[in-house]
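Novice: Take this structure first; my questions come after.
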Amino acid sequence: MILSKRLQAIANQVPSCKTMADIGTDHGILPIYLCLNHRINQAYACDIAPKSLNKAIEKIKKYHLEKQITPLLGDGMKMLPQSVESIVIAGMGGHLMTKILNESPHFHPHLILQANTHMEMVRMWLMENQYVIVDESIVFEKKQYYEIIHAKKTNESIFYDDFALKYGPILMQKKDPIWLQKYHQLLITYTNIDRQLQQSQKKDVKLLQKIEEIKKIMQD
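Residue numbers (the working numbering): 22 to 241.
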């Protein structure tokens, strides 16, 4: 089974474990891949949409994984047992993701998160709930950048400054070429806007702050 770049990057962040759950599983591709590659023993394929879950059930049967993957119809993480070690939530906005996390009755040891928007909000939630970010990765697919976080539950206070929350504590350390490409392109865009404003004798203080901020994180 060959995954898309985004799904492969998510799969790479899932630690080998007994049980995992994929929230918003759609076709169930991720848990199927992880089972086929012996990365997990058991999985829950969860979705709120009956049509999506039925597609997942069909694929699970196709690969004869009915004994390993349990399909669950429901909202978020509410129906999951506390024993689930790793949770994957991907392909949605940061607002919805943090809502799902807040409504969960349990804290699970590992969270693998990929939000399409508001990653800063997701990192803030992790910090406030004593999850340390142990790894981050980034991929570029279909004209879109996707950042993936692997966070681990602790019993200690976690602190990330504004830069880490916004740009990713591990991504800033790694200086991944794709991450650098993302902010290099953004820097060009912002610089061009600033140049146009200067020609109109206008000034955008917030824009200038963003330009300096990006220069700083790329150089540090």
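Beta carbons are placed, not taken as given, at the ideal position from N, Cα and C, and that holds for glycine.
#1: Who pairs with A42 in a beta bridge, going by DSSP?
#2: Output yes or no for whether 8 Å exceeds the beta carbon distance between S25 and E162.
#3: Please name the residue or residues paired with H131 in a DSSP beta bridge.
#4: Does the contact criterion of 3 or more C-beta pairs under 8 Å hold for the segment 68-86 versus the segment 37-46?
#5: Give me, in chain order, the residues of the same chain whose beta-carbon lies closer than 7 Å to that of M113; leave out the 5 immediate sequence neighbours on both sides.
#6: Kindly indicate which three-state DSSP category S158 falls into: helix, strand or coil?
#7: Can you give the Cα-Cα distance for L51 and K224, rounded to whole angstroms?
#8: Please name the residue, chosen from P190, I214, L218, that lies closest to M12 on a Cα-to-Cα basis.
#9: What did DSSP end up calling A136 once you bin it into helix, strand or coil?
#10: Residues in the same chain with beta-carbon distance under 6 Å from A111, minus the five sequence neighbours each way, listed in chain order, please.
#11: Between L207 and W200, is the Cβ-Cβ spacing less than 8 Å?
#12: Do the CB positions of A172 and V153 come within less than 8 Å of each other?
#13: Whole angstroms are fine: how far does the CA of I121 sit from the CA of I214?
#14: Give the single residue among F128, G95, I169, P130 whose Cα lies nearest to the Cα of N33.
#15: Give me whichever residues DSSP pairs with E21 in a beta bridge.
#16: Skipping 5 residues on each side, what residues in its chain have a beta carbon closer than 7 Å to that of H229?
#17: Nearest by alpha-carbon distance to P130: which of R144, S107, N123 is it?
#18: Taking buried to mean at least 16 other C-beta atoms within 10 Å of its own C-beta, is I61 buried or exposed?
#19: Taking the alpha-carbon of E124 as reference, which of R144, M142, L101 has the nearest alpha-carbon?
#20: Measure how close the beta-carbons of L94 and L74 come, nearest whole angstrom, since I'm counting them as under 8 Å.
Specialist: Taking the geometry as given:
#1: Position 21 of the sequence shown, counted from the first residue, corresponds to residue 42. Its beta-bridge partners are Y65, I108.
#2: For the purposes of this step, residue 25 is taken as residue 4 along the sequence shown, with counting starting at 1. For the purposes of this step, residue 162 is taken as residue 141 along the sequence shown, with counting starting at 1. Pairing S25 with E162 gives a Cβ-Cβ distance under 8 Å.
#3: Translated into positions along the sequence shown, residue 131 becomes position 110. S107, K173, per the DSSP bridge assignment.
#4: Inter-segment contact for the segment 68-86 and the segment 37-46 is present: three or more beta-carbon pairs are separated by less than 8 Å.
#5: On the sequence shown, position 92 is the one that residue 113 refers to. G45, A136, N137.
#6: Mapped onto the sequence shown, residue 158 falls at position 137. S158 sits in a strand when the DSSP states are folded into three classes.
#7: As a first step, residue 51 is located in the sequence shown; it is residue number 30 there, counting from the start. As a first step, residue 224 is located in the sequence shown; it is residue number 203 there, counting from the start. Taking the straight line from one Cα to the other gives about 47 Å.
#8: Only positions 22 to 241 of the chain appear in the structure, and residue 12 is not among them; the question remains open.
#9: Residue numbering aside, residue 136 sits at position 115 when the sequence shown is read from its first letter. A136 falls in the strand class under three-state DSSP.
#10: Numbered from its first residue, the sequence shown carries residue 111 at position 90. Once the five neighbours on either side are set aside, the close Cβ partners of A111 are I31, Q135.
#11: Here the question's residue 207 lines up with position 186 in the sequence shown. Here the question's residue 200 lines up with position 179 in the sequence shown. No.
#12: Against the sequence shown, residue 172 aligns to sequence position 151. Against the sequence shown, residue 153 aligns to sequence position 132. Yes. Within cutoff.
#13: Residue mapping note: residue 214 aligns to position 193 of the sequence shown, counting from 1. Residue mapping note: residue 121 aligns to position 100 of the sequence shown, counting from 1. Here the alpha carbons of I121 and I214 stand approximately 37 Å from one another.
#14: By 1-based counting over the sequence shown, the position of residue 33 is 12. Nearest C-alpha to N33 among F128, G95, I169, P130: I169.
#15: There is no way to answer for residue 21, as the model of the chain reaches only from 22 to 241.
#16: Within the sequence shown, the letter at position 208 stands for residue 229. One point to set straight first is that residue 229 is Leu, not His, in the sequence displayed. Spatial neighbours of L229 in its own chain (CB-CB distance under 7 Å, excluding positions within 5 residues in sequence) are listed in chain order as D215.
#17: Here residue 130 refers to the residue found at position 109 when the sequence shown is read from its first residue. With distances taken between Cα atoms, P130 lies closest to S107.
#18: For this step, residue 61 is matched to residue 40 along the sequence shown. The residue in question, I61, is buried, as its Cβ has 16 or more Cβ neighbours within 10 Å.
#19: Your numbering for residue 124 matches position 103 in the sequence shown. Closest option to E124, Cα to Cα, is L101.
#20: The residue you call residue 94 lines up with position 73 of the sequence shown. The residue you call residue 74 lines up with position 53 of the sequence shown. 5 Å between Cβ atoms; contact.
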